[in-house]
Amino acid sequence: MSDKPRVFVTRTIPKAGLDRLREVCEVEVWPKPKPPRRDTLLDKARGCAGLVTMLSDKVDETVLTAAGDDLKVVANYAVGYNNIDVAACREHGVAVGNTPDVLTDATADVAVLLMLAAARSFTPAAASVRDGGWKTWAPMDHLGMELAGKTVGVIGLGRIGRAFADRCHGGWGMKVLYTANSPKPDADRDLGAKHVELPELLANSDFISLHCPLTEATAGLIDANALHQMKTTAVLVNTARGEVIDQDALHTALSGGKIFAAGLDVTTPEPLPTDSPLLELPNCVVLPHIGSATVHARSGMALMAADNVLAGLRGDPLPHGV
Ligand code: NAP
0 MSDKPRVFVT RTIPKAGLDR LREVCEVEVW PKPKPPRRDT LLDKARGCAG
50 LVTMLSDKVD ETVLTAAGDD LKVVANYAVG YNNIDVAACR EHGVAVGNTP
100 DVLTDATADV AVLLMLAAAR SFTPAAASVR DGGWKTWAPM DHLGMELAGK
150 TVGVIGLGRI GRAFADRCHG GWGMKVLYTA NSPKPDADRD LGAKHVELPE
200 LLANSDFISL HCPLTEATAG LIDANALHQM KTTAVLVNTA RGEVIDQDAL
250 HTALSGGKIF AAGLDVTTPE PLPTDSPLLE LPNCVVLPHI GSATVHARSG
300 MALMAADNVL AGLRGDPLPH GV
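Counting in numbering that gives the first Met the number 0, the sequence shown runs from 0 upward without gaps.
Laid out in structure tokens, this is it:
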């Protein structure tokens, strides 16, 4: 048996990252298209010095105990790390890393994609061409919302929220309202953005985009009460995490005309069951969590995850530590 440290990678990631790991480690990659089942993850983690995990892998006390004392580092292949019990990792002396920045532009682009698609009824309009529902140019069909000069509310003006706000302000001259833990003087100066309380953002925004992490404070943040405070013409976009929205309340709001439309890259659960009532709504666009799905972002994430593992194995601070 090799005396190299063992690393388990829970899905196939771009080769550049795996090659970097293989220079130093004995690497096992879970080869299947679906994530390893829980019992498989526990089994594969046993004796590993490093784990490269996806947002679909829950890393908690049980996984850490199963892995044993050799485990030095968990490198999450994502910027969000709500799937990892960071406190438990600390107690076990396991470093935790993530992959910020490299996916910021890709994810902000998907937020724009969803904003436009939801605002302009992209899904039913495109479907009507394919299914023959489109009979002739129609003056009253598929009437949507314009972006120019409107107000966008960004919930969580961090890396991705700021990149999204830049696109909205630079592209369509939109006014920017935002919430965050603290004001962002750069955004206030560069974009004329305004840090507000959530109710003010909900009541005054034509477009609302979620870019906060999933935490205890943000789980269910967009509930029936929040949806009720939005304009009836509002378009809601979520590229953060599905759990930030109460999906039953969203369905009620969308089907009852309480808001205009929604675009979701993330849902609860993922994938959304094909019989989910949300998928029956013409004013709800749903994507399969593709925010970071560009060649550039995913390759960069692979290298960052590899660098995190290698630093963790050496006992150095992670270059992209949580
Ligand atoms: P980030 O730079 O840490 O930004 C998060 C922002 O949320 C920060 O500005 C933070 O405020 C703010 N925030 C925290 N708690 C809040 C609350 N209760 N209410 C309002 N704002 C709050 O993170 P990021 O790199 O932009 O990523 C954001 C999230 O996007 C990730 O956590 C992940 O869940 C999601 N994501 C999804 C995809 C995808 O494929 N769809 C890809 C990448 C990331 P402060 O700055 O004041 O602390």
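Glycine included, every Cβ here is placed at the ideal spot set by N, Cα and C.
Quick caveat: nothing in here was measured; it's all calculated off a predicted structure.
**Study point:** Within the segment 77-131, ranges of the alpha helix (DSSP H) (whole runs, at least 4 residues)
**Key:** 85-90, 103-118 and 121-129
Review point. So what's K43 in DSSP terms, helix, strand or just coil?
Key: helix
**Study point:** Pair within 8 Å by beta-carbon distance, M53 and A15
**Key:** no
Point to revise | Three CB pairs or more closer than 8 Å across the segment 229-243 and the segment 103-119 | key: yes
Exercise for review: Take the Cβ of A192 as the centre, count every other Cβ of all protein chains shown within 10 Å, and call the residue buried at 16 or more, exposed below.
Suggested key: buried
Point to revise | Cutoff 7 Å; reference G79; Cβ partners in own chain excluding five residues on either side | key: L54, P212, L213 and R240
Check your understanding: Taking the runs of the alpha helix (DSSP H) that are 4 residues or longer, which of them lie wholly in the segment 47-81?
Key -> 60-66
**Study point:** Test item: CB-CB of V265 and A117 under 8 Å
**Key:** no
Check your understanding: Taking the alpha carbon of A248 as the point to measure from, which residue in D68, R37, T273 and G219 has its own alpha carbon closest?
Key -> G219
Check your understanding: Going by beta carbon distance, what residues of the same chain come within less than 7 Å of G46, once the five residues before and after it are set aside?
Key -> R5, G67 and D69
Review point. Where does the unbroken beta strand (DSSP E) through R5 begin, and where does it stop?
Key: R5 to V8
Check your understanding: Among residues of its own chain, excluding the 5 on either side of H210, which ones have a beta-carbon nearer than 8 Å to its beta-carbon?
Key -> A110, V153, I154, G155, L156, G157, I159, G160, F163, T238 and A239
Practice item. Using three-state DSSP, classify S254 as helix, strand or coil. Key: helix
Check your understanding: Should the segment 223-235 be regarded as contacting the segment 254-274, the criterion being three or more beta carbon pairs within less than 8 Å?
Key -> yes
Practice item. With hydrogens ignored, establish whether the beta-carbon of S298 is closer than 7 Å to any heavy atom of ligand 1. Key: no
**Study point:** First and last residue of the uninterrupted alpha helix (DSSP H) at A310
**Key:** V294 to R313
Practice item. Kindly examine ligand 1 and report whether one of its heavy atoms sits closer than 7 Å to the Cβ of P272. Key: no
Exercise for review: Return the CA-CA distance between P184 and V175, expressed in angstroms with no decimal places.
Suggested key: 13 Å
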